[in-house]
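2 protein chains.
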Amino acid sequence: LVERELTRVISAGTLADMNLLDSSRHNYIVALYKDKKQLGLACVDHTTGEFSVAQFEHMDLLLDELSRINPSELLISDEQKESFPGTHPTLYYDGYTFLPSTAIPSLLNHFRVHSLDGFGCGEMTAALGASGAVLHYLSYQLRRPTEHLRRISVRATENAVLIDQASQRNLDLVDSRGGVKLSLLGTLDRTSTPMGARKLRDWLLHPLCDLGRLQARQDMIAALLQEPFLMSKLRDSLKNVRDMERLTGRISQGAGNARDLQALASSLDRIPALRDDLESLPGGGEMLESIRSRMGRFDELVDLLQRALVDEPPVTIKEGGIIREGYHAGLDELRLASRDGKAWLAQLQEKERKRTGIDSLKIRFNNVFGYYIEVTKSHYDKVPPDYQRKQTLVNAERFVTPELKQMENTILGADERSRQVEYEQFLLLREEVGHHIDGIQITADAMADLDVLLGLAEIAQQYQYCRPVLDDSMTLHIVNGRHPVIEQSLSGDVFVPNDSFLEPEENRLILLTGPNMAGKSTYIRQVALITLMAQIGSYVPAEAAHVGLVDRIFCRVGASDDLARGQSTFMVEMSETSLILNNATERSLIILDEIGRGTATFDGLSIAWAVAEYLHDELKSRTLFATHYHELTDLARSRTGVQNYNVAVREWKEEIVFLRKIVQGAADKSYGIQVARLAGMPAVIVDRAKAILSHLEMNSTRPRKKERS
Amino acid sequence: LVERELTRVISAGTLADMNLLDSSRHNYIVALYKDKKQLGLACVDHTTGEFSVAQFEHMDLLLDELSRINPSELLISDEQKESFPGTHPTLYYDGYTFLPSTAIPSLLNHFRVHSLDGFGCGEMTAALGASGAVLHYLSYQLRRPTEHLRRISVRATENAVLIDQASQRNLDLVDSRGGVKLSLLGTLDRTSTPMGARKLRDWLLHPLCDLGRLQARQDMIAALLQEPFLMSKLRDSLKNVRDMERLTGRISQGAGNARDLQALASSLDRIPALRDDLESLPGGGEMLESIRSRMGRFDELVDLLQRALVDEPPVTIKEGGIIREGYHAGLDELRLASRDGKAWLAQLQEKERKRTGIDSLKIRFNNVFGYYIEVTKSHYDKVPPDYQRKQTLVNAERFVTPELKQMENTILGADERSRQVEYEQFLLLREEVGHHIDGIQITADAMADLDVLLGLAEIAQQYQYCRPVLDDSMTLHIVNGRHPVIEQSLSGDVFVPNDSFLEPEENRLILLTGPNMAGKSTYIRQVALITLMAQIGSYVPAEAAHVGLVDRIFCRVGASDDLARGQSTFMVEMSETSLILNNATERSLIILDEIGRGTATFDGLSIAWAVAEYLHDELKSRTLFATHYHELTDLARSRTGVQNYNVAVREWKEEIVFLRKIVQGAADKSYGIQVARLAGMPAVIVDRAKAILSHLEMNSTRPRKKERS
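In order, the protein sequence lines correspond to chains Y and Z.
The first sequence maps to residues 5 to 713 in our numbering.
The second sequence maps to residues 5 to 713 in our numbering.
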């Protein structure tokens, strides 16, 4: 008997082996895994070696992506059968292989790397769980070779520009070392409501590459800019709108006090006026139409709340003072009883003064024994016998009468009960608001859109931004562009504008050299920020701009290490660079600031050189590459798409004057030692460094330029 | 008539010109300036060119420093005459010259720098105001040359080790990229109380160079380690102590509720037991004595609060439920009235059932009309005529009687008044606590000291830390030291310990080379952290350690830029380096990680080289210098105090194995390209980079070593 070993298994996702496959379409095996927060997806085309991952917060987004992928096979953990709907041919696979604690080490081992950060998915735990399972399935279940799966890429979700964490941080999108104020968010935020501020943040973190939606936003901004008076009227109205999302959030959770209801009522009360104003805005296009159609009508609810609530209700909800007079008959009665009682006390005081002849007799109240009659010492003899003595003070005595006590009980009882009635009525009102939550939330979202667009129009007006021309070309052309954040933070100084021109043929890789401090980093980030602003639909800080939509924006700049996670500075830098090289496409915009530092000179130069070549020859992404390796400028001779630029400076005596102007050509000096002097380095060190430098320069040979391999 | 120009003016601070000066002591001109938060001091010795600044938060600290300086002349703004006591000969000088907006530009101009960060005082606005004034006084009032004032240094405040902001950040002292947990603070924090946690933070940010105080702390830790059982008993007691500082803070501001009082009482209640336990601790020395003597006695206050407050009072202070039964007679009466009333209602229900023969008759309460009698439909015929109908429901009717209404008023009135009495009593208690605030705060501070020391003892025990030998020598000798933070964050792996030896003669500048990722940064920071721990009085993660006290710890590692403040990456790096070079002394410990990156290769190498020479030849500080410029290792040949070390690695096939062991000698390779591969760089780029590298190496000449100038 010959024992036959199982050599391979055929499955729907690996039909290629059998030549049974329609080669015109991908043949994907997809695994799904859910952790506490995220839904992870891993997708492998075994025929091409494509291995990609994605994560989603909501099931509907995952299902969208899944229908776009249309997998041949779907793997789901046998412990998560209930978590995913079985829309595609589904295989329940060993749950153990999905556990991130199993999956991640096996992925590190498979790709022979120390960290998955270089693929851009180091923190995507759910997706990595799915990846581990799909890899296990291929190797152990189907017994297929997996050596050709050489990298993981992160799937760009349709219509959204993906900006990875490191790039977000490096571009100071929503926060910066100097706080939110010096971030792009802080700079562009002219919103009037908290909903608007959150929405703007969301737009900045999720720019679009959907031409139609972007142009709709631009149209709305253009329409607003035509009507400056209406614009400021709308902004004034919005300023009175409170945080409706948070208010409804509290109310729908059964929290929220009368002030919240009042705030909601006065916010909703603005909507008819806002709607009318928007009616009179010409040319707002689809976006205006969408905003108007989402703004609900809440006249009855507003009326009810305004009739029921006093103008300034207290924070507490059980202490009364909430419900307006005339709203609830029972409550009005109780209040009347309390008021009558107090009037009766005043009359009683008059009556008793007359009866006893004690003009100084007073009816007073304290917390220990309620209402009492106080008589000063000199009048003791006039006190009538029906007064019951309660307390003796140095100069006075205090008495009560049965009549007084009875009225006291009436007053206190009425106060107590009216508080309770108010509380009940308040609860009824809150419940009523609860029935309108959905409509209010949709309205709030529309207000947020309006608020963001108004803010963008405002800033466009204030800083003379232009409307960029958007299309699906690969051109990026900016005339006299400025850095939006720095432009605003300069007080007094004028920001020097610069042009940028990138296109796929002769201008796809811009090598930028020039001295330290000259403004290289500012310039290359400015290009990224302008592109990003264009892709949220905003106007941009430039005289004119033409932006061929990009699918991703990558930005790598100086890194810091992360020792506790076992990553050296250089490792962080290489991981971020690898992320770009593994994920960028021809449609991406890449900003690289000084790569290859943090290792020995020749190692760093070699890496920078190889990366530049790869970007130019293979990826063809539009790239701005700032570097101090002047050797790299030789690339322009052998590569048609590489252009050299530098930042102009002028030397004047021992000083350098920064002109901040980008000009064609390669720089020849770095002025590092001059910068050290400007930074306060002791003169003796500066002089010695100069001596060493001139010696080094005398003895050096420049690395010979490389021919295209 | 010849017009004679005023050429110079003699003042007490510039007597040197007249040879009238005792040369054995400094002759200082000091200016003081106060801004919103800080008291600034600038101090110039015109004879030596020394120019130093300091800032203080409290006037007494400033006066201490002033008396140490003993200035010959004191300048104060004529607009701040009242702000400073006239302890020294004082000149009121033009207030305009003190304004930071005037002073800072004139200082930048004088020192010909772009930023004062390189002197370490860029943010010390108050001190810079004073500096501007003193400079103005010298040049314009006294008409003295000021060219020899070439730098500003920041004065080390007596007995405190100064750690500048950048070094704090670079050492991850109290925070890190990975959060507080991965900082030194997070690692060492085993405190049981919030006061202790804050105190530990304070100690870490202000290490001492006061041998006596440090040894007192060590003695206390040693004593605790001898008594593990007592130690855990003390820690258990402290766990029940609440945040007394914040509690007293709230209470003294007239905030704070009954829970706060209760928490304070139960915290104070632990003190006698803690004091007794401390009595039985042998050998705690001065520190123990100091802690014991500061712990106050609060028996009466605790007794009062415990008698007055219920065990679990509510959050609100006006709703009652705070005061214990039996504490206040009036309150007890009111409560009795309410209870009696409720008992009376039960009796009434019984009575009415019998009288009417309706067994299902019930007395109930609602918020709208209080207490009522409810009778179900089937019994309507039995309702007596004295019942007044209030409400008709589907199956029942509700009635009241005058008798019922009267009792209702009694009950509700009593409830209302008892709440008011409780509130008054609570206010009295809070006032009483207010009288003990001072003593409680002193006690809380002693508890904080105890808590920190217990925590340090705990961690010393858990991780086998040793007691470092401290003295005033210049030696730093660590046997098998570990990085405290990383040691704890490694799960499973064992941290490889390393020795360190620095002393002023032959081991003052350690040049550390070696591949990326090998652990250079970890090692050099570990030395700084161990030194710092020794100088808060803690035990340290090593087998043995001998720490000659340092006056400052500087740490410069990879920087990120700060574009919004107009600082490029390289400018930040140079500013931080200049700060060190301008402020370090022979007693300082300096950690330099990769300086000279971020500019052209030769510029960077020249600067690194000149800095290393200056550190060795002039400053003579104990320095650990990690670098990728292998060329620097040549320095060891010409400089006796320079030693080369490297981090061992072993190559194995294409892989590198990191041994994490520091060994003598210079490294020869950086393995940058291997690290790029480990970071996930595409293989085609890695291969190309290798080819470029071997070409570069073939064609390079190594910069010739420099002779000592």
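Here a beta-carbon is modelled for each residue, glycine too, at the ideal position from N, C-alpha and C.
Item                                                                                                                                 : Value
Whether Y/Gly684 touches Z/Ser610 by CB criterion (9 angstroms)                                                                      : no
Through-space distance from Z/Cys559 to Z/Ala464, alpha-carbon basis                                                                 : 25 angstroms
Three-state class that DSSP yields for Y/His383 in the structure shown                                                               : helix
Coarse secondary structure for Z/Glu507, derived from DSSP in three states                                                           : strand
Status (buried if at least 16 other CB within 10 Å, exposed otherwise) for Y/Gly361                                                  : exposed
Cross-strand partners of Z/His481 (DSSP beta bridge)                                                                                 : Z/Phe505, Z/His550
Beta carbon of Z/Ala277 nearer than 9 angstroms to that of Z/Ser236                                                                  : no
Cα-Cα separation, Y/Ala58 to Y/Arg512                                                                                                : 28 angstroms
Range of the contiguous beta strand (DSSP E) that encloses Y/Phe403                                                                  : 400-404
Minimum Cβ-Cβ distance from Y/Met537 to chain Z less than 9 angstroms                                                                : no
Where Y/Tyr97 sits in the DSSP three-state scheme                                                                                    : strand
For Y/Ala630, the three-state DSSP class (helix, strand or coil)                                                                     : strand
Y/Val688 vs Z/Glu577 beta-carbon contact at 9 angstroms                                                                              : no
Those residues which DSSP pairs with Z/Ala532 across a bridge                                                                        : Its beta-bridge partners do not exist; DSSP assigns none.
The segment 515-534 of chain Z / the segment 659-673 of chain Z touching (three or more Cβ pairs under 8 angstroms)                  : yes
Partners in chain Y for Z/Thr605, counting only beta-carbon separations shorter than 7 angstroms                                     : Thr605
Y/Gly602 - DSSP class collapsed to helix/strand/coil                                                                                 : coil
Residues that Y/Phe115 contacts on chain Z, provided the C-beta gap is smaller than 8 angstroms                                      : Gly684
Inside the segment 24-73 of chain Y only - beta strand (DSSP E) runs reaching at least 3 residues                                    : 32-38, 43-49, 54-60
Cut-off 7 angstroms between Cβ atoms - residues of its own chain near Z/Val690, not counting five sequence neighbours on either side : Ile677, Ala680, Arg681
Y/Lys394 in three-state terms, based on DSSP                                                                                         : strand
Endpoints, the beta strand (DSSP E) within which Y/Gln647 is located                                                                 : 646-656
C-alpha distance - Y/Ile599 paired with Z/Ser187, whole-angstrom precision                                                           : 28 angstroms
Residues from the segment 153-167 of chain Y in contact with chain Z, defined by Cβ distance under 8 angstroms                       : Arg154, Arg155
Cβ-based neighbour list, Y/Phe302, same chain, cut-off 6 angstroms, excluding 5 preceding and 5 following                            : Leu272
Same chain, Cβ closer than 8 angstroms to Y/Glu491, neighbours up to 5 away in sequence not counted                                  : Tyr467, Phe499, Pro545
Buried versus exposed, by CB contacts within 10 Å (16 or more), Z/Glu701                                                             : exposed
Contact with chain Z by Y/Ile696, beta-carbon distance below 9 angstroms                                                             : yes
Assigned exposure category for Z/Pro75 - 16 Cβ within 10 Å defines buried                                                            : buried
C-beta atoms of Y/Leu308 and Y/Glu436 nearer than 9 angstroms                                                                        : yes
Neighbourhood of Z/Glu61 by C-beta distance below 7 angstroms, restricted to the same chain and skipping five residues each side     : Gln42
Classification of Z/Ser495 by the beta-carbon crowding that lies within 10 angstroms, buried from 16 upward                          : exposed
Chain-ordered residues of the segment 602-629 of chain Y with a beta carbon less than 8 angstroms from chain Z                       : Gly602, Thr603, Ala604, Thr605, Phe606, Asp607, Gly608, Leu609, Ser610, Ile611, Trp613, Ala614, Val615, Glu617, Tyr618, Glu622
Entirely enclosed alpha helix (DSSP H) segments - the segment 93-140 of chain Y, minimum 4 residues                                  : 104-115, 129-140
Cutoff 9 angstroms: Y/Gln310 Cβ touching any chain Z Cβ                                                                              : no
Residue of Z/Arg159, Z/Leu146, Z/Lys203 minimising C-alpha distance to Z/Leu70                                                       : Z/Arg159
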